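Residue numbers 18 to 406, in this note's numbering, belong to the letters of the sequence shown in order.
Where a beta carbon is used, it is the ideal one built from N, C-alpha and C, also for glycine.
Quick caveat: nothing in here was measured; it's all calculated off a predicted structure.
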Amino acid sequence: MEIAGIHSYPKLRCPRGLRSRILLSRGIVFEGCGFGAPGLRVGEIVFTTGMVGYPESLTDPSYRGQILVITHPLVGNYGVPSRDRGMHGLPLHYESDRIQVEALVVAEETRPSHWESVESLHEWLRREGVPGISRVDTRLLVSMIREKGVEMAAVAVFPEDQDLGLEPLIKALEEHPGYDSVDYVAQVSPARPVEHWPEGGEARSTLVLYDCGVKYGILRELLNRGFHVVRIPCGWSLDKALSYDPSGIVLSNGPGNPLLLQRMVETAASIVEQGIPVLGICLGHQLLALALGARIHKMKYGHRGHNKPVRNLETGACYVSSQNHGYAVSLEAAGLKPWFVNPDDRTLEGFKAPGKPLVAVQFHPEASPGPWDLAWVFDIYARMVERHA
């Protein structure tokens, strides 16, 4: 690989005694400081425009296989909250039980100052074995991603007196098959069913959720509405799902290329054919679209952040949404009804199927950016389940 350029701050001093290096597949290198855990990781490098919410972002299974760049310059100000504070048996400030990103890139990693913090961002990443990179020009890095699109990258964090050089990063990058070729859903989907009951124990009915990498926030919203939720592995057949006698089925968010999940696309088609009330979120939105004849394409750099606008085509109202996706749906020739679009680039953000109990959204209605802008999507689905139960 030919090295096209190296970017580093002059007279760089690293307070944690760790150095870092990022190698983009185009041959550009960023050198900075390290925090968290030493190590070498490879992934698709993406960015988020969220100013807060790094515990939720880092634990979002949709980021599996990716190196996350946070555009906000100071990250770590409020530390890491306790997992003990929760709802329905799920922690409030986390989206899964571990950090999912391959590595984290920030301009400045800061020390925490918050009454609810139990550890620093550095301590959390170190404990979970995840490399962190700081003191790099994230504005320049993000501008490169915006100009040419997402790409594969290798990152390394190492002690200052043990420079790895570039060869291990070049080798790791060349040996990786590429983000779009890996089934990351298989890494985050549970091996066996997991049941969740609303607080109090009584449920209005049962929902089966195909867990392709579900965020805890989605589970909390369903439990808030009184449902008993059974999470099942993403590859299970519809017959296994129906053995729980569900009133409805939810297809969750998740990481990776939806075109690799053909079995799940066939299952989604069967769900729709049988008239079972179904809700698709993010990856679930894409799987339902594929099942109904739509097309999927890879976006240049995707939508990732808590400040993404969506417009309801039925009412004309515009909402603030939280998003994390790198693929988009085209409904051409699919015979489906567009529901939401993104005003910035006109990409589809939601659709319905006329005459069928189906709602699908590309954004995350559980993420509460506004803080409750789009949580009513779950209310629409709950009423749909009641009507068709």
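Euclidean distance between Cα positions of residue i and residue j
i, j, result
"Met401", "Gly53", "46 Å"
"Arg321", "Thr65", "5 Å"
"Tyr80", "Ala170", "14 Å"
"Gly372", "Ala406", "16 Å"
"Glu133", "Gly96", "8 Å"
"Ile113", "Val231", "Reading the sequence as shown, one finds Ser at residue 113 and not Ile. The alpha-carbon atoms of Ser113 and Val231 are separated by roughly 8 Å."
"Gly319", "Gly297", "19 Å"
"Pro90", "Ala351", "42 Å"
"Asp178", "Arg38", "14 Å"
"Phe357", "Asn324", "15 Å"
"Pro55", "Arg163", "28 Å"
"Ile87", "Val123", "6 Å"
"Gly310", "Leu158", "37 Å"
"Asn270", "Ala377", "11 Å"
"Glu73", "Val118", "11 Å"
"Glu140", "Cys229", "29 Å"
"Glu366", "Val295", "17 Å"
"Arg100", "Glu126", "22 Å"
"Gly146", "Ala120", "10 Å"
"Lys315", "His342", "10 Å"
"Ile116", "Ser198", "22 Å"
"Pro250", "Asp180", "42 Å"
"Leu183", "Lys28", "20 Å"
"Arg156", "Val346", "29 Å"
"Lys369", "Gly265", "16 Å"
"Ser206", "Leu75", "17 Å"
"Gly22", "Phe47", "9 Å"
"Ser287", "Leu255", "7 Å"
"Asp154", "Ser160", "10 Å"
"Val282", "Ala308", "5 Å"
"Ser10", "Leu391", "Because the chain is modelled from 18 through 406, residue 10 falls outside the range shown and cannot be assessed."
"Ala334", "Arg328", "6 Å"
"Asp200", "Ile84", "17 Å"
"Val407", "Ile187", "There is simply no residue 407 to check, as the chain begins at 18 and stops at 406 in what is shown."
"Pro176", "Arg152", "15 Å"
"Ala173", "Tyr344", "28 Å"
"Glu349", "Arg312", "8 Å"
"Ile293", "Trp253", "16 Å"
"Ser222", "Pro78", "27 Å"
"Gly51", "Asp361", "35 Å"
Element boundaries [beta strand (DSSP E), containing residue i]
i, result
"Ile20", "Here Ile20 belongs to no beta strand (DSSP E), and DSSP marks it neither H nor E."
"Thr65", "Gly56 to Thr65"
"Leu41", "Leu35 to Leu41"
"Pro176", "Glu168 to Pro176"
"Gly53", "Ile45 to Gly53"
Beta-carbon separation (whole angstroms), residue i vs residue j, contact threshold 8 Å
i, j, result
"Ala285", "Leu304", "5 Å"
"Gly44", "Met18", "6 Å"
"Gly41", "Ile62", "The sequence as given places Leu at residue 41; Gly does not occur at that position. Indeed, because the Cβ distance is near 7 Å, the residues count as touching under 8 Å."
"Arg30", "Pro148", "Arg30 to Pro148, Cβ: 19 Å. No contact."
"Leu375", "Val289", "6 Å"
"Val202", "Pro272", "6 Å"
"Gly218", "Ile150", "No, Gly218 and Ile150 are not in contact; Cβ-Cβ is about 45 Å, not under 8 Å."
"Phe395", "Leu239", "7 Å"
"Arg128", "Ser137", "6 Å"
Delimiting residues of the alpha helix (DSSP H) encompassing residue i
i, result
"Glu212", "Here Glu212 belongs to no alpha helix (DSSP H); instead the beta strand (DSSP E) covers Val211 to His213."
"Leu157", "Thr155 to Lys165"
Contact test: residue i Cβ vs the ligand SAM heavy atom, cutoff 6 Å
i, result
"Pro176", "With respect to the ligand SAM, the structure shown offers nothing to examine, as it has no ligands at all."
* To do: Evaluate contact between the region 375-386 and the region 324-339, counting only Cβ atoms and requiring at least three cross-stretch pairs below 8 Å.
  => yes
* Asked: In chain order, which continuous runs of the beta strand (DSSP E) of length 3 or greater are located wholly inside the region 289-373?
  -> 295-298, 312-329, 335-347, 354-358 and 365-369
* Asked: Curious, which full-length beta strand (DSSP E) runs of at least 3 residues does the region 373-404 contain?
  -> 375-378
* To do: Return the chain-ordered ranges of every alpha helix (DSSP H) run that is complete within the region 178-265 and spans a minimum of 4 residues.
  => 184-192, 202-205, 233-241 and 255-259
* Asked: Can you find at least 3 beta carbon pairs, one from the region 179-196 and one from the region 233-245, that sit closer than 8 Å?
  -> no
* **Cβ contact (3+ pairs, closer than 8 Å) linking the region 239-248 and the region 275-284** => no
* To do: May I have a chain-ordered list of the beta strand (DSSP E) segments no shorter than 3 residues that lie completely inside the region 63-151?
  => 83-87, 120-122, 134-136 and 148-151
* **the region 209-225 touching the region 101-118, judged by at least three CB pairs closer than 8 Å** => yes
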